[in-house]
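Residue numbers (our numbering): 220 to 876.
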Amino acid sequence: MWLGVSGGASGLAKCKLALCRSMATILRSMSTRTLFAFLINTWLVVTLCVGRVDARAAHLLHHHRHRTAGNAQSQGDPLVVHTTKGPVRGITLQASNGKLVDAFLGIPYAKPPVGKMRFRHPVPMDPWEKPLNVTEPPATCVQVVDTYFDDFEGSTMWNANTNMSEDCLNMLVWVPRPRPTNAAVLLWVYGGSFYSGCATLDVYDGKILASEENVIVVSFNYRVGSLGFLYLDHADAPGNAGMMDQVMALRWVQDNIHLFGGNPNNVTLFGESAGAVSVAYHLLSPLSRDLFSQAVLQSGGATVPWGYNERQTAITNGYKLAEEVKCPTDDVEATIKCLRLQDPDLLVKSEIFATGVVDFSFIPVVDGAFLTERPEDSMSSGNFKKCKILLGSNRDEGTYFIIYYLTQLFKRDENVYLTREDFVDAVQALSPFTSSVVNEAIIFEYTDWLNPDDPIKNRDAVDKIVGDYYFTCPVIDMAHYYSSAGLDVYMYYYVYRSSQNKWPEWMGVIHADEIAYVFGEPLNQTWSYRQDEQMFSRRIMRYWANFARMGNPSLNPDGNWEKTYWPAHTAFGKEFLILDVNSTQVGYGNRAKHCAFWKNFLPNLIALSGNNTNKADESCKDGASTQSSSSLTLLCSLAASMIVTGRLLSSSTARAA
């Protein structure tokens, strides 16, 4: 008897022969297999010889093979990776820089959210056995298509570039060659205002970033619009389905990325616009904050005013959608049942009824689970993931949104100049506030009083109003909370207008301009980027990759420092790096005065003025019972002086004209 084996002489002889053959096979590959594998295989062969398979042996063998799948697949087909749910077969691609990457395009991470699963939170995939080919870009989640400017490339570049389907919850993984070990992982979350976006866009192609910086780049599709964010306070329409898609994708990375050569303990979550807001919410959420290591936020933060809805607002929007598609609204279960039966294209085409310049109907909701409280409350109380962050915004964030909203004043096919009257009208149209006192204060704050009639400065001021309020100041706000908590923060201000920008010159450095440089598009020879732009992109890729690897954008993996030192952003110094093609300048206190206006002054003025007040003195009287005498006098005097001065200057310049 040996290792629990008993039997006759002939049976023992056969066992010995089988054992010898097994040992010879294993020993020949011992350099790559472990002693544990040797013992497990020996045990299994022995038990098979006597016709008795030990269940424990089978379980251990399965567990071991899963843990060592990366080694096993490297000995066979390196393009077959055995994920926790089943094997997938990728494809080797050559990036435009000439380097090779292994791409896995469309690994399912959740069951298709169709039928009764529409609007619900995602459910994990069932296991599969045969290798799943993931060699073609997967379907895009159903969403609205931007046709406002017809086939203009500047807008169509953001439209879905694959067929749309509700069966869309897939991962994309780009792995450099040769296959790395324990590599840093950059996990991308696309933007699109929570109503559009997909991981397969050309500008998000991870081949160049992965191959240039020897990092693993991962992206994924998540549901958007009403299909991703319908909330009716019901288990079948719980809201935040799109965010829970993201949570499941983060879990997939934790469970599987080591099989591709990545380090699950070094995952940097990065995103832009709604993707950056998503990243910020993952920093807050108890469901996901432990599923990644650090974060990069491009043009978005936790306190953006357009990032989430209160529950009642979300419910109201849900019933508005039901009315649009002729579904009943008197019974929630009947409403959901009817909405499930609607064509998904009809739903997304019927869901756009927001009224503001940066205002979206179906977005995350404070549901008590994914978001346990308002994001601004989480930030102010310190209830966020304590980690390193890199974040920033672009110089002209507002123009992209204004050109869709104020179509009479801002046109794509001609230059734009605003008279003083145009400027005032634009502010009143764009402002989310109804109080004339508040709008007068905004006009006063953003007027260039040296030359209030300058048509270019008036145009640019409108851009800055939208950009500051909706993007730049929330980013700065988030940097302040993190740096005040003693955490490492690296801030940038992106100011370079690309030679390949398709939008008119007057729009400047627009929202999302930096993305192409982060992913290395200028290195693609099919484009016509200049040499200095290619070097600029290499520098940005190195910053992002260094942050992912080392936690510092200036520190290279070999321990040497980049020529350009990127200082940490502190609560006192407010340092930031200006990202420009031929500049490495460091700045201090970016947009500090204007952001103080939005964060500190305006809320107090709103509290005093009320929503329907037209005169400063009335707002002062209305607020007298709720404010201290000294602060009330100060605010009333300031508000009145701002309005009077603004009107006097405006009228005097009008007379002079």
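For each residue, glycine too, the CB sits at the ideal point set by N, CA and C.
When the Cα of residue i is compared with those of the options, which residue comes out closest?
i, options, result
"Y701", "G317, L351 and N602", "N602"
"Y689", "P776, T522, M390 and K793", "T522"
"S497", "F448, K330 and P547", "F448"
"F663", "L478, Y538 and W817", "W817"
"Y762", "Q753, E752 and N775", "N775"
"F579", "D615, L560, Y527 and L625", "Y527"
"N809", "D696, I825, A826 and R758", "D696"
"F642", "Y623, D682 and K630", "D682"
"P399", "E552, V577, N482 and L506", "N482"
"D365", "A358, N352, A379 and T354", "A379"
"V694", "A735, D679, Y712 and L488", "Y712"
"S650", "Y784, P524 and N819", "P524"
"P563", "V515, G806, S315 and R337", "R337"
"Q647", "G727, Y665, N819 and C417", "Y665"
Roughly how many angstroms lie between the CA atoms of residue i and residue j, to the nearest whole one?
i, j, result
"K304", "P297", "18 Å"
"I684", "L312", "44 Å"
"A495", "S412", "10 Å"
"M710", "K349", "46 Å"
"R530", "S703", "31 Å"
"L821", "S828", "10 Å"
"I661", "H340", "41 Å"
"A541", "C360", "20 Å"
"D732", "N765", "21 Å"
"E372", "I729", "15 Å"
"M467", "A499", "16 Å"
"G410", "E491", "5 Å"
"Y423", "L405", "12 Å"
"V544", "T554", "11 Å"
"S599", "A329", "34 Å"
"V888", "R308", "A query on residue 888 cannot be resolved here, the shown segment of the chain reaching from 220 to 876 and no further."
"V584", "G461", "11 Å"
"K556", "I582", "21 Å"
"W347", "G334", "22 Å"
"L451", "G792", "45 Å"
"A811", "D615", "16 Å"
"M390", "P356", "10 Å"
"L796", "L625", "32 Å"
"G444", "G317", "38 Å"
"A767", "N459", "28 Å"
"W471", "P786", "34 Å"
"L803", "Q517", "The sequence as given places Thr at residue 803; Leu does not occur at that position. Answer to the nearest angstrom: the Cα atoms are 19 Å apart."
"T691", "P327", "35 Å"
"W725", "L503", "37 Å"
"G617", "T302", "43 Å"
"L590", "P505", "8 Å"
In the DSSP output, which residue or residues are listed as bridge partners for residue i?
i, result
"Y712", "S612 and I797"
"C360", "S384"
"W393", "A322 and V436"
"I310", "A322"
"I217", "Since the displayed the chain opens at 220 and closes at 876, residue 217 lies outside it and no answer follows."
"L351", "V307"
"A402", "G481"
"G490", "V408 and L516"
"V584", "N528"
"A456", "H453"
"W780", "L774"
"S802", "D799"
"P327", "N389"
"H301", "P306"
"I729", "D615"
"Y807", "E794"
Can you tell me whether residue i sits near the ligand ADP, meaning its C-beta is under 7 Å from at least one heavy atom of the ligand?
i, result
"Q750", "As presented, the structure is devoid of all ligands, the ligand ADP included, so that no description of it is given."
Can you give the beta carbon distance from residue i to residue j, rounded, assuming they're within the 8 Å contact cut?
i, j, result
"D667", "H813", "That pair is no contact at about 13 Å."
"Q513", "K607", "5 Å"
"L446", "L566", "7 Å"
"Y756", "G739", "The sequence as given places Ser at residue 756; Tyr does not occur at that position. Contact holds; Cβ gap of about 5 Å."
"Y414", "Q362", "6 Å"
"A588", "S430", "Not quite, the Cβ-Cβ distance comes to about 39 Å (not below 8 Å), so this is no contact."
"N677", "R639", "7 Å"
Would the stretch 748 to 766 count as touching the stretch 382 to 393 if we require 3 or more Cβ pairs under 8 Å?
They do not touch, by the three-pair rule.
Would you check if the stretch 765 to 782 and the stretch 645 to 665 touch, i.e. whether three or more CB-CB distances between them fall below 8 Å?
no
Can you confirm whether the stretch 640 to 655 touches the stretch 602 to 616 when touching is taken to mean that 3 or more C-beta pairs between the two stretches lie within less than 8 Å?
no
Three or more C-beta pairs closer than 8 Å, one from the stretch 391 to 401 and one from the stretch 428 to 440: is that the case here?
yes
Flag this pair as touching only if the stretch 571 to 584 and the stretch 532 to 549 have three or more C-beta atom pairs under 8 Å; answer yes or no.
Between the stretch 571 to 584 and the stretch 532 to 549 there are three or more inter-stretch CB-CB distances shorter than 8 Å, so the stretches are counted as touching.
Any chance the stretch 417 to 432 sits against the stretch 318 to 333, with 3 or more Cβ pairs inside 8 Å?
yes
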